[in-house]
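Reviewing the structure listed below.
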DNA sequence: TTGTATGCGTTATCAT
DNA sequence: ATGATAACGCATACAA
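Protein chains in written order, with the numbering used here: chain A, 16 to 348; chain B, 16 to 348.
Rendered as structure tokens:
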């Protein structure tokens, strides 16, 4: 029922090859026919069938966006939504379309081979935070162009990341600079890259100032509010006077634990989080935090991928976006 | 480079038609050849090219999910993320793939005709809340199967919605039942369907109890925290003793305004919100709210759409999912 | 039960 | 500058 090249061709009295040329901006068309064909195309609002074009050219102008669902359950946090927005915005601007896969574990294998072999996408953006993600492995072994959002610990692949490590380092430095002696940390899971990197940043800061590392001042959380609460409870007996919490969600839990213990923030314990969630200006007291440019992450990754598709590079590219410390009253000034 | 039917055919010594039959579960294949072909298919992990299949059959097993971006800026609220998860989960289960369009206004027209004519999707799920959305109009005029998430005020189309009106009614009733005399409301924008419906629910409740409507007790917000704050400020001079706020985000703002005025919640003013955001159990005091089954909304809409695609119905179907009042201390008990 | 032939809507190659 | 024609990978009507 939809129109085809042939219809346009008949309507404008040329062959379908010519119409195709007009659509694809081929030079070998006289201005006169070009105008005539264009007029008809826009009048009837003709859109070439992308499946057919994909078959013929091997390119579809569709990008895959893969978000492993083990992570995506953390969907109450606006990280992924904003990331998706960034990707989508770039796709709109670049005339691409985005195919979304929230890869639930039980479908993961099917998902991967679908993506790789169904010929529907020109390239894939993967937001994986796991140290060892099978999806990344499969992609790596395939010929499919792809880019990771979040660095990869071992494989030399295209990626784009925020500087989690430096962020953790700066947060910790800021607490130390304020004069705190016992700066603790609630880390994220150490099998997740941001969890690991932010913790390394904490260690970097200690090393920078030759401060002795105290295992008692480190507890691992799971990036959730409840995890932060539990972790902070474990930390309290060791009397930290400041704590770098590796995510705002966990920081909310930590704040709850500290207040339940009857302690004051920031007078008894100063606090810095990570992510700068919208709610962080509404906690009591407002939470200082490391802000990451999430929308930009998605946008730039998309631009990058498109560039990779168009000019297959031999050298994998690595990009790191900077973070920013947002100071609110939870850390004292 | 990827494998084709022909490759599998050669490998297993049959024609490509037979391979195709095996893949599509056609009965007319001997068990012997079926087994042999199957074995090879799974051994080399063959996946049929979906673009080609789409060309041949006219169906792609791809669904479009369209979220107008005027709305999607409200992406800090987990409504859309969870909705997307629901859609995605259903797609995984039903062997469909989801194509995502965050329709930014500047690309909206292009978006629509892309979706309608590029032959890449079998049907479309639209989450529109605007009273008069051009996307819906275009879809309505086309032959593309689609379903709305959120009812449509005038067009008789397939839709799935939560009972916003009943939700507003129940929230208001609850406040009245507690003995409050001056129950105010902060509404959403009246050109958005949920804004309108929840307000109608408020009016229903007043009518149910033959309570005189007082225009002073109604202020319109924009579903944002700031909007709720502003609206509540306007309401305070009229001394309400309870208020139904049409979204939790606005309720956060309202709480801020009430506390700034030195009033107590719920003793001076009782409060019920709508949406039951994750943060609502952490406001002070914890916010009572109407909970809607958002994930389910996405899941059921997808199932429905697939059913519509497979069995084109003559009668548009309308489904309404129930909401649930979650009582916390902000309304007194 | 299986194979052959045709068409889906494009692009690309080759003539003209 | 333009038109005919052959792929692209699959499903399917028809033959065998």
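Each residue gets a CB set at the ideal place from its N, CA and C atoms; glycine is no exception.
Against chain B, a Cβ distance below 9 Å from residue 104/A picks out 84, 117 and 119. Interface residue (Cβ-Cβ distance to chain B less than 9 Å): residue 162/A is not classified as such.
Taking 9 Å as the cut-off, the Cβ atoms of residue 77/A and residue 137/A count as close.
Secondary structure of residue 189/A (DSSP, three-state): helix. A residue is called buried once 16 or more other Cβ atoms fall within 10 Å of its Cβ, and residue 296/A, having fewer, is exposed. In the DSSP assignment, residue 306/B is bridged to 290/B and 339/B. Taking a cut-off of 8 Å for Cβ pairs, the stretch 281 to 297 of chain B and the stretch 258 to 269 of chain B touch, as three or more such pairs fall below it. Fully enclosed beta strand (DSSP E) runs of no fewer than 3 residues occupy 161 to 164, 174 to 177 and 198 to 202 of the stretch 155 to 231 of chain B, in order along the chain.
A residue is called buried once 16 or more other Cβ atoms fall within 10 Å of its Cβ, and residue 57/B, having fewer, is exposed. DSSP places residue 54/A within a helical segment (H, G or I) once states are collapsed to three. If you check each beta-carbon in the stretch 281 to 310 of chain A against every beta-carbon of chain B, the ones closer than 9 Å belong to 292, 293, 294, 297, 298 and 299. Cβ neighbours of residue 34/A within its own chain (closer than 6 Å, five residues either side excluded): 20, 23, 24 and 52.
Residues 213, 216 and 217 of the same chain have their beta carbon placed closer than 6 Å to that of residue 183/A, with the five preceding and five following residues left out of the count. Three or more beta-carbon pairs separated by less than 8 Å link the stretch 189 to 202 of chain A to the stretch 248 to 261 of chain A, which places the two stretches in contact. According to the DSSP assignment, residue 245/A belongs to the alpha helix (DSSP H) that extends over 240 to 250. Of the residues assessed, residue 168/B falls on the exposed side of the cut-off, its CB having fewer than 16 other CB atoms within 10 angstroms.
Just so you know, the alpha carbons of residue 337/B and residue 345/A end up roughly 41 Å apart. Using beta-carbon distances, residue 347/B does not count as an interface residue toward chain A, since no partner is under 9 Å. When the five nearest sequence neighbours on each side are left out, the beta carbons in the same chain lying within less than 7 Å of the beta carbon of residue 259/A are those of 183, 186, 187, 190, 198, 200, 217 and 287, in order along the chain. In chain order, 66, 69, 70, 75, 134 and 135 make up the part of chain B whose C-beta sits under 7 Å from the C-beta of residue 66/A.
Contact annotation for residue 128/A against chain B: 60 and 62 [CB-CB distance below 7 Å, chain order]. In terms of Cα proximity to residue 161/B, the closest of 178/B, 180/B and 127/B is 127/B. Leaving aside the five residues that flank residue 158/A on each side, none in its chain has a CB nearer than 8 Å to its CB.
Note: residue 140/A is bridge-paired with 80/A and 162/A in the DSSP secondary-structure output. For residue 110/A, the closest alpha carbon among the candidates 109/B, 121/B, 112/B and 100/B is that of 121/B. At a cut-off of 9 Å, the C-beta of residue 240/A has a neighbouring C-beta in chain B.
Apart from the 5 residues on each side of it in sequence, residue 237/A sits with its Cβ closer than 7 Å to the Cβ of 204 in its chain, given in chain order. In this structure, the beta-carbon distance from residue 38/B to residue 17/B does not fall below 9 Å. In the DSSP assignment, residue 33/B falls within the unbroken alpha helix (DSSP H) covering 31 to 38. For residue 80/A, the closest Cβ of chain B is nearer than 9 Å. Sorting 315/B, 170/B and 229/B by C-alpha distance to the C-alpha of residue 140/B places 315/B at the top. Listed by position along chain B, the residues whose Cβ is nearer than 9 Å to that of residue 267/A are 294 and 297. One finds nothing in chain B with a Cβ atom closer than 8 Å to the Cβ of residue 144/A; even the nearest lies about 17 Å away.
In the structure shown, the three-state DSSP call for residue 253/A is helix. Between residue 317/B and residue 118/B, the C-beta spacing is not below 9 Å.
In the structure shown, the three-state DSSP call for residue 317/A is helix.
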